[in-house]
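First to last, the sequence lines map onto chains A and B.
The opening position of the first sequence corresponds to residue 1 in my numbering, with each subsequent residue numbered one higher.
The opening position of the second sequence corresponds to residue 113 in my numbering, with each subsequent residue numbered one higher.
Every residue, glycine too, gets a C-beta built ideally from N, C-alpha and C.
Input: a single structure, listed below in structure tokens.
2 protein chains.
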Amino acid sequence: MSKQGPACCSPLTGEPLDAERAADLARMFKALGEPVRLRLLSLIASHEGGEACVCELTGVFDLTGPTISHHLKVLRAAGLIRGDRRGTWIYYRVEPERLRQASALLDLQPAS
Amino acid sequence: MSKQGPACCSPLTGEPLDAERAADLARMFKALGEPVRLRLLSLIASHEGGEACVCELTGVFDLTGPTISHHLKVLRAAGLIRGDRRGTWIYYRVEPERLRQASALLDLQPAS
DNA sequence: TCCTTGTTTCGACGACTGTCGAGACAGAGG
DNA sequence: CCTCTGTCTCGACAGTCGTCGAAACAAGGA
Numbered sequence: 001m002s003k004q005g006p007a008c009c010s011p012l013t014g015e016p017l018d019a020e021r022a023a024d025l026a027r028m029f030k031a032l033g034e035p036v037r038l039r040l041l042s043l044i045a046s047h048e049g050g051e052a053c054v055c056e057l058t059g060v061f062d063l064t065g066p067t068i069s070h071h072l073k074v075l076r077a078a079g080l081i082r083g084d085r086r087g088t089w090i091y092y093r094v095e096p097e098r099l100r101q102a103s104a105l106l107d108l109q110p111a112s
Numbered sequence: 113m114s115k116q117g118p119a120c121c122s123p124l125t126g127e128p129l130d131a132e133r134a135a136d137l138a139r140m141f142k143a144l145g146e147p148v149r150l151r152l153l154s155l156i157a158s159h160e161g162g163e164a165c166v167c168e169l170t171g172v173f174d175l176t177g178p179t180i181s182h183h184l185k186v187l188r189a190a191g192l193i194r195g196d197r198r199g200t201w202i203y204y205r206v207e208p209e210r211l212r213q214a215s216a217l218l219d220l221q222p223a224s
């Protein structure tokens, strides 16, 4: 379902964002606009194999389990990560397409 | 000048963000994480000449002047735009370097 | 079966944010 | 000088967000 039309990647310099697209993109940026979530995403993205389990993420911060779980849920709702359970542990990995969408929007000089 | 230092543009896949850098980047993404601000930035970036005055931005939304001014202030504090007064009107333009920084962070496959 | 460990959901609290109206400041022109 | 227009600051209010403790759910092992 995530087939992206040409409009998905047009940069800011192209034409003004309409309200609907702005709302979707803002949801993603809002998820990124929190230091803990940004670090969580970076931890997952840079982890060996491209995925990390919650148990490895919790110890990095001085935060309780529920708080980490909450932030992971926000990142999941924004479409930035995806998690699946394998046995006891749940492993999270990034959604590259979604990140590319954000990166392209902010790229003022698209690859020509 | 199109080549940046290694630290400023290292993508998420490189190494985990430290708390300080995450805080600065999160400030910028938080500014982008609001539909009105995202549309304001897009209006400025896509405007003829690369700059737009507040009077042209206010009419687009069903919001009062103070509210638009507040959002512009947040974008300014995040380093995303810059405004200078010329006579009666104040013109805003984007800060390309800052946008490039964000775009590069989210780019999972940097130009190799 | 019960117990232990990993993860999420629920309910609550303080802090922050978006919005407004009223007023202040800046510049242009009588 | 005064006035008008454009923009910002201030103070206040409702709504949202990050955080926690307690409890629930899921899977594995005694």
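If we ignore side chains and look at the alpha-carbon of each, how far apart do residue i and residue j end up?
{"i": "B/Lys142", "j": "A/Leu106", "result": "14 angstroms"}
{"i": "B/Ala119", "j": "A/Ser46", "result": "Residue placement at B/Ala119 is poorly supported in this model, since its pLDDT is 47, which falls under 50; the coordinates still yield a value, given next. Roughly 15 angstroms separates the two Cα atoms."}
{"i": "B/Pro123", "j": "A/Ala102", "result": "13 angstroms"}
{"i": "A/Val60", "j": "B/Gly161", "result": "46 angstroms"}
{"i": "B/Leu169", "j": "B/Glu163", "result": "11 angstroms"}
{"i": "A/Thr88", "j": "A/Ser69", "result": "16 angstroms"}
{"i": "B/Pro208", "j": "A/Ala19", "result": "23 angstroms"}
{"i": "B/Ile193", "j": "B/Tyr204", "result": "7 angstroms"}
{"i": "B/Leu150", "j": "A/Thr64", "result": "32 angstroms"}
Check whether the Cβ atoms of residue i and residue j lie closer than 9 angstroms to each other.
{"i": "A/Leu32", "j": "B/Ala216", "result": "no"}
{"i": "A/Arg98", "j": "A/Met28", "result": "yes"}
{"i": "B/Leu152", "j": "B/Leu187", "result": "yes"}
{"i": "A/Gly79", "j": "A/Ile90", "result": "no"}
{"i": "B/Leu220", "j": "A/Val54", "result": "no"}
{"i": "A/Glu15", "j": "A/His71", "result": "no"}
Any beta-carbon of chain A closer than 9 angstroms to the one on residue i?
{"i": "B/Gly195", "result": "no"}
{"i": "B/Gly191", "result": "no"}
{"i": "B/Arg198", "result": "no"}
{"i": "B/Arg151", "result": "yes"}
Could you check if residue i belongs to the surroundings of the ligand ATP, using beta carbon to heavy atom distance under 8 angstroms?
{"i": "B/Arg151", "result": "The model depicted lacks the ligand ATP and carries no ligand whatsoever."}
Where does the unbroken alpha helix (DSSP H) through residue i begin, and where does it stop?
{"i": "A/Glu97", "result": "Pro96 to Leu106"}
{"i": "B/Phe141", "result": "Ala131 to Leu144"}
{"i": "B/Gly177", "result": "Gly177 to Ala189"}
Mind checking if residue i is an interface residue toward chain B, Cβ cutoff 9 angstroms exclusive?
{"i": "A/Val36", "result": "yes"}
{"i": "A/Pro6", "result": "Because the pLDDT of A/Pro6 is 43, which lies under 50, any placement of that residue in the model is unreliable, and the question is left without a value."}
{"i": "A/Met1", "result": "Note that A/Met1 scores a pLDDT of 42, beneath 50, so its modelled location is shaky and nothing firm can be said."}
Could you pull the start and end residues of the beta strand (DSSP E) that residue i belongs to?
{"i": "B/Asp196", "result": "Ile193 to Arg198"}
{"i": "A/Ala52", "result": "Glu51 to Cys53"}
**OP:** Compile a chain-ordered list of the residues in the region 56-74 of chain A whose CB is closer than 7 angstroms to at least one CB of chain B.
**Re:** Listed by position along the chain: nothing, the set is empty.
Original post:
Name the residues in the region 120-144 of chain B whose C-beta lies less than 7 angstroms from a C-beta of chain A; which are they?
Top reply: Listed by position, the residues of the region 120-144 of chain B near chain A (Cβ gap below 7 angstroms) are Leu124, Thr125, Gly126, Glu127, Pro128, Leu129, Ala131, Ala134, Ala135, Leu137, Ala138, Phe141, Lys142 and Leu144.
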